[in-house]
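*Asks:*
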Amino acid sequence: MKHITLLFLSIVLSFNSWSQDTLAHKVVNRSFRIDDHSVVKDSTGKQLTYKQWSDLMRTREYVLLPENMEDTKTAFILSKKDEREVRYIKPNTAPTDGTPANAPKQLSPEEAKEQYMASLPKPYESAYFTTGEAIEPFSTRDLRGNKIKLKDLRGKVVVLNFWFIGCPACMQEIPELNKLVDNYKDNPNVVFLAIALDYSYDLKKFLKTTTFNYDIIDNGRYIADGYKIGLYPTSVILDKEGKVAFHTVGFAVNSPYWMRKTINESLK
Numbered sequence: 001m002k003h004i005t006l007l008f009l010s011i012v013l014s015f016n017s018w019s020q021d022t023l024a025h026k027v028v029n030r031s032f033r034i035d036d037h038s039v040v041k042d043s044t045g046k047q048l049t050y051k052q053w054s055d056l057m058r059t060r061e062y063v064l065l066p067e068n069m070e071d072t073k074t075a076f077i078l079s080k081k082d083e084r085e086v087r088y089i090k091p092n093t094a095p096t097d098g099t100p101a102n103a104p105k106q107l108s109p110e111e112a113k114e115q116y117m118a119s120l121p122k123p124y125e126s127a128y129f130t131t132g133e134a135i136e137p138f139s140t141r142d143l144r145g146n147k148i149k150l151k152d153l154r155g156k157v158v159v160l161n162f163w164f165i166g167c168p169a170c171m172q173e174i175p176e177l178n179k180l181v182d183n184y185k186d187n188p189n190v191v192f193l194a195i196a197l198d199y200s201y202d203l204k205k206f207l208k209t210t211t212f213n214y215d216i217i218d219n220g221r222y223i224a225d226g227y228k229i230g231l232y233p234t235s236v237i238l239d240k241e242g243k244v245a246f247h248t249v250g251f252a253v254n255s256p257y258w259m260r261k262t263i264n265e266s267l268k
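In terms of the working numbering, the sequence shown is numbered consecutively and its last residue is 268.
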């Protein structure tokens, strides 16, 4: 193992997959883990070294997909994100002419994607929070020096993300989290806070080349430790009463879908 970063890597690249039991007609959850001993191949089947695939993962342009959904010790395929998109957005193959008036509505790529995300099992919950329970509030300052008191945010939906710079899965989800922020940029009742383990100097350097649109809290390890968080990234959504409405660990492909769904329900 390669120091603490790799210890985290073996954990944070855990992600959830699923397979369908055609006889029992039930969804089976499977958990896949990856570390420096895992077999990772490119799209041609060539095996990559740990340095090769981990460097590519840090660009946030690639994802790792299990080669065999039925084997938790399977090899992984490194794929470009746009290639992954093609896998789950079903093309519109319906005829364009002579379609009956009562034919089912043809879905746009965005609608097909949303429908697919809804069909997947809900992302794994973390072990650090309990749905429906309030969490211990914290007080701190963000990277710009602004005071933040969690208890003062009651009446708003609060989205928390616990992360650190050396976490590949954290890097992978940042573009999706930015899209989530953009969805609610005009809604003052939704607050996004990213509690980083890193110090302000490292974060400011990182943010010069990587956009992260959450309100960043630096040196937040004591906050994460207060909740006994040990796996990253961990996301938590608090409803207007300050109670946990959603929580998950790691990055699942449908996490953004569930986060939007939870935020919308909590705003009602």
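For glycine and all other residues, C-beta sits at the position ideal for the given N, C-alpha and C.
#1: Where does V159 land, buried or exposed, given buried means 16+ other C-beta within 10 angstroms?
#2: Name the residue from D215, W163, C170, L150 whose alpha carbon lies nearest to the alpha carbon of K185.
#3: Run through the segment 164-199 for me and flag every whole alpha helix (DSSP H) of 4 or more residues, listed as ranges in chain order.
#4: Just how far apart, CA to CA, sit K151 and T209?
#5: Compare the C-alpha of F129 against each of V249, V40, I195 and name the closest.
#6: Quick check: the segment 121-138 against the segment 196-212, are at least 3 beta-carbon pairs closer than 8 Å?
#7: Which residue wins for smallest C-alpha separation from N178, given the options C167, V191, H37?
#8: Please state whether DSSP places A75 in a helix, a strand or coil.
#9: So, under 8 Å CB-CB, L267 and N189 are touching, yes? Tell me the CB distance rounded to an integer number of Å.
#10: When the Cα atoms are used, what is the spatial distance from E111 to G220?
#11: DSSP three-state call for P109: helix, strand or coil?
#12: Nearest-angstrom Cα distance between V181 and D35?
#13: Quick check: the Cα distance between M171 and R154, rounded to an integer number of angstroms?
#14: Would you grab the beta carbon distance between V40 and L78 for me? Rounded to a whole angstrom, and I think it's under 8 Å.
#15: Measure the alpha-carbon distance for E265 versus T74 and round it to whole angstroms.
#16: Assuming F164 and Y116 make a contact with CB atoms under 8 Å, what is their CB distance in whole Å?
#17: If distances are taken between C-alpha atoms only, which option among I217, R141, T49 comes closest to H37?
#18: Just reading off the beta strand (DSSP E) that Y62 is part of, what are its end residues?
*Replies:* Let's see:
#1: For the purposes of this step, residue 159 is taken as residue 159 along the sequence shown, with counting starting at 1. When all chains shown are included, V159 counts as buried.
#2: The count along the sequence shown starts at 1 and reaches residue 185 at position 185. K185 has its Cα closest to that of D215, out of D215, W163, C170, L150.
#3: 168-183
#4: The residue labelled residue 151 in the question sits at position 151 within the sequence shown. The residue labelled residue 209 in the question sits at position 209 within the sequence shown. Taking the straight line from one Cα to the other gives about 33 Å.
#5: Locating residue 129 in the sequence shown gives position 129, counting from the first residue. Checking every option, the nearest Cα to that of F129 belongs to V249.
#6: no
#7: Here residue 178 refers to the residue found at position 178 when the sequence shown is read from its first residue. With distances taken between Cα atoms, N178 lies closest to V191.
#8: As a first step, residue 75 must be located in the sequence shown, where it is residue number 75. Coil, per DSSP.
#9: Locating residue 267 in the sequence shown gives position 267, counting from the first residue. Locating residue 189 in the sequence shown gives position 189, counting from the first residue. The pair is a contact, with the Cβ atoms about 6 Å apart (cut-off 8 Å).
#10: Within the sequence shown, the letter at position 111 stands for residue 111. Within the sequence shown, the letter at position 220 stands for residue 220. When rounded, the distance between both Cα atoms is 38 Å.
#11: As a first step, residue 109 is located in the sequence shown; it is residue number 109 there, counting from the start. DSSP places P109 in helix when its eight states are reduced to three.
#12: Your numbering for residue 181 matches position 181 in the sequence shown. Your numbering for residue 35 matches position 35 in the sequence shown. Cα to Cα, the separation comes out at about 31 Å.
#13: Reading the sequence shown from its first residue, position 171 is the one you call residue 171. Reading the sequence shown from its first residue, position 154 is the one you call residue 154. Going by the C-alpha atoms only, they are around 29 Å apart.
#14: Counting from one through the sequence shown, the residue named residue 40 turns up at place 40. Counting from one through the sequence shown, the residue named residue 78 turns up at place 78. Contact flag correct, Cβ pair sits at about 6 Å.
#15: What you label residue 265 is simply residue 265 of the sequence shown in a count that begins at 1. What you label residue 74 is simply residue 74 of the sequence shown in a count that begins at 1. Cα-Cα distance, rounded: 37 Å.
#16: In the sequence shown, the residue the question calls residue 164 occupies position 164. In the sequence shown, the residue the question calls residue 116 occupies position 116. The pair is not a contact, with the Cβ atoms about 30 Å apart (cut-off 8 Å).
#17: Here residue 37 refers to the residue found at position 37 of the sequence shown. Ranking I217, R141, T49 by Cα distance to H37 puts T49 first.
#18: If you number the sequence shown from 1, residue 62 lands on position 62. It spans 62-66 - the beta strand (DSSP E) in which Y62 sits, taken as one unbroken run.
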